[in-house]
Amino acid sequence: MRTFLRNFLIVAVLLLLLVGAVAAWWLARVKAIHDREHMYDDLIKIVAKEHNVDPLLIRAVIWRESRFARHAQGTSGERGLMQLMPKTALEWAKKNNHIDFKESDLYEPLTNIKAGTFVLARGLEKWKDRDNPVPFALAEYNAGRSRVLGWIDPDKPTSGRAFYERIDYPTTRRYVWIIERKYQEYKWREANPNWWWWPYEQLNDLTTSEDDPTILPESPSGSG
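Going by this note's numbering, the letters in the sequence shown line up with residues 11 to 234, in that order.
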């Protein structure tokens, strides 16, 4: 009997240690994700206020575009946190009188967020008469205005849902879906700050390879 109890206690202690180790690992992992996703919040809030865009939406776009890696470089030439093409960024620079703008400036977080939010805000303003302008603006950010015009449902031109259902580019369709899901997650976390550790739908684990940013494995200036 004593041997049984001793063995039982040993097993119980080992199990408790194992559970504690797993819990500590999980909390450390969640905290690392949380800290990374909030590292540019101050800059995002400043720029969001300038353009009247929800900072949580901007953060969701950055999450999808670069996973918050400031030196991310896309396979098609996109740069920085919000993965902007230099040509698009130059348009922003000219409009805002940034005469000394250089492509390398897109690796600077504030510059990139300003330029990316400029593009996003322009889309939201353009589609503000829709019942939900977000999917329209996100699709335009990803695929361009001409394709967005082709996806509008002629029978329900103001319906964001109908628009989404007509997106026939699988990558853009998934892009819009995953950012909207992440946006909802951020809003939930904002409303429940004490539950920062809770794995809201475990979205970071449920994403597939098609949700990963299309960035090069090595950046020209290091990692974010």
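Backbone N, C-alpha and C define an ideal beta-carbon position, used for all residues, glycine too.
{"Check": "Residues sharing a beta bridge with Leu-94, DSSP", "Outcome": "Arg-89"}
{"Check": "Residue environment, Ile-20, which counts as buried when at least 16 other CB atoms sit within 10 Å", "Outcome": "exposed"}
{"Check": "Span separating the alpha-carbon of Val-129 from that of Tyr-151", "Outcome": "7 Å"}
{"Check": "Nearest candidate by alpha-carbon position, reference Lys-197, set Arg-69, Ala-31, Leu-24", "Outcome": "Arg-69"}
{"Check": "Simplified DSSP state of Gly-84, which is helix, strand or coil", "Outcome": "strand"}
{"Check": "Between the CA atoms of Ala-153 and Phe-173 - distance to the nearest angstrom", "Outcome": "14 Å"}
{"Check": "Within 7 Å, strictly: CB atoms of Leu-2 and Ile-189", "Outcome": "For the chain, the structure presents residues 11 to 234; residue 2 sits outside this window and is missing."}
{"Check": "Gly-170: first and last residue of the uninterrupted alpha helix (DSSP H) it sits in", "Outcome": "170-176"}
{"Check": "Of the residues Glu-200, Glu-101, Pro-223, the one placed nearest Asp-51, counting alpha carbons only", "Outcome": "Glu-200"}
{"Check": "Exposed unless 16 or more other CB atoms sit within 10 angstroms - verdict on Leu-27", "Outcome": "exposed"}
{"Check": "Nearest candidate by alpha-carbon position, reference Thr-181, set Pro-223, Lys-104, Lys-166, Ser-169", "Outcome": "Pro-223"}
{"Check": "Among Thr-121, Leu-24, Asn-62, Ala-79, the one whose alpha carbon lies nearest that of Glu-47", "Outcome": "Ala-79"}
{"Check": "For Pro-119, the nearest candidate out of Asn-17, Val-57, Lys-138 (CA to CA)", "Outcome": "Val-57"}
{"Check": "Residue span of the alpha helix (DSSP H) that contains His-61, given as start and end", "Outcome": "51-61"}
{"Check": "Proximity of Thr-127 and Val-63 at Cβ, strictly below 7 Å", "Outcome": "yes"}
{"Check": "Contact belief for Gly-84 with Tyr-117 at Cβ below 8 Å, rounded distance in angstroms", "Outcome": "Not really, about 12 Å apart at Cβ, beyond 8 Å."}
{"Check": "Residue burial classification, Ala-34 (beta-carbon count within 10 angstroms, cutoff 16)", "Outcome": "exposed"}
{"Check": "C-beta contact flag for Glu-101 and Met-95 at 7 Å", "Outcome": "no"}
{"Check": "Arg-46, DSSP secondary structure in three states", "Outcome": "helix"}
{"Check": "Outcome for Asn-17 when other beta-carbon atoms lying within 10 angstroms are tallied against a minimum of 16", "Outcome": "exposed"}
{"Check": "Beta-carbon spacing of Ala-99, Ala-131 below 7 Å", "Outcome": "no"}
{"Check": "Cβ shell of Thr-13 (< 7 Å), same chain only, five flanking positions each side left out", "Outcome": "none"}
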